[in-house]
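Read in order, the letters of the sequence shown correspond to residues 1 to 156 in UniProt numbering.
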Amino acid sequence: MPGTTDTAPGDDAGLLLPVPDEDGAPFWDHAARGELRVQSCSDCDELRFPPRPCCPHCQSFASHWRRMSGRGRIWSYVLPHPPLLPAYAALPGYNAIVVELAEAPRIRLVGNLVAAPDAPLNSVDPARLRIGAPVKVVFTALPGGVTVPRWLLERP
Ligand SMILES: [Zn+2]
1 MPGTTDTAPG DDAGLLLPVP DEDGAPFWDH AARGELRVQS CSDCDELRFP
51 PRPCCPHCQS FASHWRRMSG RGRIWSYVLP HPPLLPAYAA LPGYNAIVVE
101 LAEAPRIRLV GNLVAAPDAP LNSVDPARLR IGAPVKVVFT ALPGGVTVPR
151 WLLERP
């Protein structure tokens, strides 16, 4: 919450929130309903991410949002080090991962690996992070009304 200074570790207050734009708004709307969907061309059927008006493959402007299984693999990750914003500095050992989706390995989403949907961003021991590890999506409602996809290890 803006103006508060009592951010507890594990609290999502003070974390940076997504700022949906016109092209990306459906992604967040679907996430709020517990669905991971990726924009797909309605003419050539290619998936694309991040969302944008025109298909980079066939230049069509027709698109829809295809539901994904929510499964993927860790394609890469980082363990951010200081200097960090205060809310992140309160979560030592947190991770940021890049997930390639099972249905579309070219589609890669940036997120966080957590131990449970509402667990803090540093709830997974960094030693457990492995490139190639299978993950599945969960959804976390953040203060301010936005719901974000996060990721759990398939084999915790
Ligand atoms: Zn297309």
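Ideal Cβ positions, reconstructed from N, Cα and C, are used throughout, including at glycine.
Is residue i near residue j, with beta carbons less than 8 angstroms apart?
{"i": "R48", "j": "C58", "result": "no"}
{"i": "W151", "j": "N122", "result": "no"}
{"i": "residue 175", "j": "T140", "result": "Absent from the structure is residue 175, since the part of the chain shown begins at 1 and ends at 156."}
{"i": "G70", "j": "E100", "result": "no"}
{"i": "V114", "j": "V124", "result": "yes"}
{"i": "M68", "j": "V38", "result": "yes"}
{"i": "A87", "j": "G14", "result": "yes"}
{"i": "R108", "j": "W75", "result": "yes"}
{"i": "P80", "j": "Y94", "result": "yes"}
{"i": "D23", "j": "P56", "result": "no"}
{"i": "L142", "j": "P120", "result": "no"}
{"i": "residue 172", "j": "D45", "result": "Nothing about residue 172 can be read from this structure; the chain reaches only from 1 to 156."}
{"i": "P149", "j": "L36", "result": "yes"}
{"i": "P117", "j": "V98", "result": "no"}
Bridge partners for residue i per DSSP, in chain order?
{"i": "W65", "result": "Q39"}
{"i": "L109", "result": "V99"}
{"i": "F27", "result": "In DSSP, F27 forms no bridge with anything."}
{"i": "W151", "result": "L113, V137"}
{"i": "L15", "result": "Beta-bridge pairing links L15 to no other residue."}
{"i": "R52", "result": "Partner(s): none; R52 has no beta bridge."}
{"i": "I131", "result": "Answer by DSSP bridge pairing: none, since I131 is not bridged."}
Less than 7 angstroms separating the Cβ of residue i from some heavy atom of ligand 3?
{"i": "P105", "result": "Annotation note on ligand 3: not contained in the displayed structure, which lists ligand 1 as its ligands."}
Contact set, ligand 1 heavy atom to C-beta under 6 angstroms: C41, D43, C44, E46, C55, H57, C58, S60
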